[in-house]
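As you go down the protein sequences, you meet chains X and U in turn. In terms of the working numbering, the first sequence has 350 at position 148, counting the first letter as 1, and numbering is strictly consecutive. In terms of the working numbering, the second sequence has 120 at position 90, counting the first letter as 1, and numbering is strictly consecutive. Read through the structure below, which is laid out as structure tokens, and then see the notes.
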Amino acid sequence: MTKVAEESGSDISDTGRIAHLRSHVPGELSMWFFVIGDLLIFGAYFIGYVYYRGQDPDLFLQSQARLNLDIGAINTVILLTSSLFVALGTSAARNDKVQEAIRLFGIAFALGVAFPVMKAFEYIPEVTAGVTPGTNLFFMYYFVMTGLHLCHVTLGLVILGFVIRSLRVSAKPRMSFVETAATYWHMVDLLWILLFALLYLMR
Amino acid sequence: MTSYIRNPLTLVWALLTIVTVVSWLTARGGGSAHVVNVTVTLVVLLIAAVKTQLVIWHFMEVRFAPRWLKLTTGGWLVGLLAFLLGFYFAGI
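Now the structure itself:
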């Protein structure tokens, strides 16, 4: 899929030489089928959540009041910033700036690690206060959706780790792998954007 | 360093972060009462949809992708938003 490069002309600084291409699928096509499948599965959860919320709005609103909005917002900014560094790292790798790419992916990884740490600060007080998936339907959705998302974050961190390792060991970046990993990490980011709006913000 | 700050990707990130803070403050202010509030819900869901499209378009580089991928991701987002708003308004 990755037929980037080798085109002459001026560089576009944001994404490197990809800007010369049209109809370029970033990364492996198989990852995009996975991403689209994941978007459909999470989409079904989101629609189910809003449907059941409509059946008992007061229960959902009162339960929502028990969430830590500030941690939710901070985690949104953490993932957005991590995504930015992955995008910048992809651009650097595309321009063969390997050391810069390693540094940028390293920052993205560190920010990614901060997400589960913050989530623990949110989960632990909730669980110790007796709030569990069995508490009510809102918390069932909350724990299942954020738990599934956390699994995605964990897998994403493993993938980012492999990207950093791959950049360290080979002189020429494997762009297809870098783009595939970046696509997955950005999906993790966008799913959280929607989770944050649905679980913490909507009224 | 300057090149990162002036990078279009950083500008997209700044926009995403600003709208996140706006959503956060909207929920903290008018929405903190935890009662049904159509305005707050419309603002936060539309902002979330715009943010999602920005991530898909710029970070996931779908703006360079073939038409089928643009249509699939765009169709998913529009369809999702329609279902979410439809069930929200049906439930209030």
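Glycine included, every Cβ here is placed at the ideal spot set by N, Cα and C.
Please classify residue i: is it buried, with 16 or more other beta-carbons within 10 angstroms of its beta-carbon, or exposed?
i                    : result
arginine 127(U)      : The question about residue 127(U) has no answer, for chain U in this structure spans 31 to 122.
arginine 296(X)      : buried
tryptophan 98(U)     : exposed
leucine 114(U)       : buried
phenylalanine 323(X) : exposed
leucine 23(U)        : An answer regarding residue 23(U) cannot be provided, because it is not within the stretch 31 to 122 covered by chain U.
alanine 44(U)        : exposed
leucine 41(U)        : exposed
With a threshold of 7 Å between beta-carbons, can residue i be considered close to chain U, or not?
i                 : result
histidine 388(X)  : yes
arginine 268(X)   : no
glutamate 209(X)  : The predicted model places glutamate 209(X) with a pLDDT of 37, which falls under 50 and marks its position as unreliable, so this point remains unresolved.
serine 215(X)     : Unreliable placement is indicated for serine 215(X), whose pLDDT of 47 sits below 50; the coordinate value is still reported in the next sentence. It does: the Cβ of serine 215(X) has a partner Cβ on chain U nearer than 7 Å.
leucine 339(X)    : no
leucine 403(X)    : yes
isoleucine 395(X) : yes
leucine 420(X)    : The displayed coordinates of chain X run from 203 to 405. Any statement about residue 420(X) would go beyond what the structure contains.
threonine 204(X)  : With a pLDDT of 45 at threonine 204(X), under the threshold of 50, the predicted position of this residue should be treated as unreliable, and no value is reported.
serine 225(X)     : yes
leucine 350(X)    : no
leucine 392(X)    : yes
serine 212(X)     : Interpretation of serine 212(X) is limited by its pLDDT of 35, a score under 50 that renders its predicted location unreliable; the figure taken from the coordinates is listed afterwards. It does not; no Cβ of chain U falls within 7 Å.
alanine 289(X)    : yes
alanine 399(X)    : yes
Would the beta-carbon of residue i fall within 7 Å of that of residue j?
i                    : j                    : result
glutamate 381(X)     : glycine 239(X)       : no
leucine 401(X)       : tyrosine 344(X)      : yes
aspartate 391(X)     : valine 70(U)         : no
leucine 282(X)       : threonine 47(U)      : yes
alanine 422(X)       : valine 288(X)        : For residue 422(X) there is no data in the structure shown, the boundaries of chain X being 203 and 405.
valine 315(X)        : leucine 369(X)       : no
methionine 347(X)    : valine 237(X)        : no
valine 152(X)        : phenylalanine 117(U) : Because chain X in this structure spans residues 203 to 405, residue 152(X) falls outside the shown range and cannot be described.
alanine 331(X)       : histidine 64(U)      : no
isoleucine 122(U)    : valine 73(U)         : no
phenylalanine 311(X) : leucine 362(X)       : yes
Locate the alpha helix (DSSP H) running through residue i, then write down its first and last residues.
i                    : result
leucine 401(X)       : Element bounds for leucine 401(X): n/a, residue is neither H nor E.
phenylalanine 287(X) : 271-296
aspartate 260(X)     : 259-266
valine 80(U)         : 68-84
threonine 50(U)      : 38-58
tryptophan 106(U)    : 97-121
lysine 321(X)        : 300-330
glycine 336(X)       : Unbroken run through glycine 336(X): none, as it is neither H nor E.
Can a CB atom of chain X be found closer than 7 Å to the CB of residue i?
i                : result
alanine 44(U)    : no
glycine 105(U)   : no
glycine 59(U)    : no
tryptophan 98(U) : no
alanine 112(U)   : no
valine 49(U)     : no
tryptophan 87(U) : no
valine 52(U)     : no
leucine 129(U)   : The requested residue 129(U) is not part of the displayed model; chain U covers only 31 to 122.
leucine 39(U)    : yes
Self-check item: chain U contacts made by the segment 227-258 of chain X, where a contact means CB separation under 8 Å
Solution: Val227, Pro228, Trp234, Ile238, Leu241, Leu242, Gly245, Phe248, Ile249, Val252, Tyr253, Arg255, Gly256, Gln257
Practice problem: Compile a chain-ordered list of the residues in the segment 274-285 of chain X whose CB is closer than 8 Å to at least one CB of chain U. | Solution: Ala275, Thr278, Val279, Leu282, Thr283, Ser285
Practice problem: Could you list the residues in the segment 362-386 of chain X with a C-beta less than 9 Å from some C-beta on chain U, going in chain order? | Solution: Glu381, Ala384, Thr385
Quiz item: Got a sec: which bits of the segment 63-74 of chain U sit with their beta carbon under 7 Å from any beta carbon on chain X, in order along the chain?
Solution: His64, Val65, Val66, Asn67, Val70, Thr71, Val74
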